[in-house]
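A short write-up of the structure that comes next.
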Amino acid sequence: MATPLESIIQEAKNGGLSVSFSTDVRVNADEFVYMERDCEAFLDEIENLQRQAMAIANREKWGLGETTPGLTSASTLVGRFRSKAGKVGAASDSDNNLNDILQQHHDIVVDIRDLHREIAKRYMATDQEFAARYNELSANVPPSAINSTEGLA
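Each residue of the sequence shown is one higher than the one before, counting from 0 in numbering that gives the first Met the number 0.
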């Protein structure tokens, strides 16, 4: 299955991707390094959310009366909660569940990261100053604010 930005990434790998900048715009290595760092942090967060979604989908006891004989609405409700969290092999499962939607986001972030990597490789191959700064920053990149709990309420 093709990823959302696959053709653009391939074009970048082949050297066919071009962008025109005005004299007011400068390309700097910092932004490429921080983009990659933040994509990795975002991927970690998405994967964490996917684990949580599947833990919900696979939860055995819900405490909603789902094991009470005759209380079919409780087991129906639990089935709906499970199928909205992730596919668990039930007839009610659909692609419209949290785990699969998060996977779509994951795929897009991977593509964005890979596209920026390819563009950075091209700059590094042609600009020694860019390459030196990129390598320096990559070796000492500060942590991303994305996976930080600071400031979250």
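Note that beta-carbon positions come from the ideal geometry of N, C-alpha and C, so glycine has one too.
Remember, it's a predicted structure, so these values are computed and weren't measured experimentally.
Given residue i as reference, the closest of the options once Cα atoms are compared
| i | options | result |
| --- | --- | --- |
| residue 144 | 3, 10, 33, 121 | 33 |
| residue 14 | 128, 131, 138, 124 | 124 |
| residue 83 | 42, 121, 58 | 58 |
| residue 52 | 38, 102, 67, 130 | 102 |
| residue 38 | 104, 67, 122 | 104 |
| residue 60 | 74, 146, 47 | 74 |
Residue i burial status per 10 Å Cβ neighbour count (16 or more: buried)
| i | result |
| --- | --- |
| residue 152 | Here the model assigns residue 152 a pLDDT of 41, short of 50, so the residue's position is not dependable and the matter cannot be decided. |
| residue 142 | exposed |
| residue 54 | exposed |
| residue 135 | exposed |
| residue 49 | buried |
| residue 25 | exposed |
| residue 96 | buried |
| residue 138 | exposed |
| residue 90 | exposed |
| residue 1 | exposed |
| residue 119 | buried |
| residue 150 | At residue 150, the pLDDT of 44 sits below 50, so the modelled position is not reliable; the number obtained from the coordinates is stated separately. Answer is exposed; the Cβ neighbour count stays below 16. |
Unbroken alpha helix (DSSP H) run spanning residue i, endpoints
| i | result |
| --- | --- |
| residue 139 | From DSSP, residue 139 is part of no alpha helix (DSSP H); its letter is neither H nor E. |
| residue 108 | 97-125 |
| residue 47 | 28-56 |
| residue 71 | 71-84 |
Contact check, residue i vs residue j, beta carbons under 8 angstroms
| i | j | result |
| --- | --- | --- |
| residue 7 | residue 114 | yes |
| residue 99 | residue 3 | no |
| residue 78 | residue 56 | no |
| residue 70 | residue 64 | yes |
| residue 28 | residue 133 | yes |
| residue 112 | residue 35 | yes |
| residue 11 | residue 117 | yes |
| residue 42 | residue 108 | yes |
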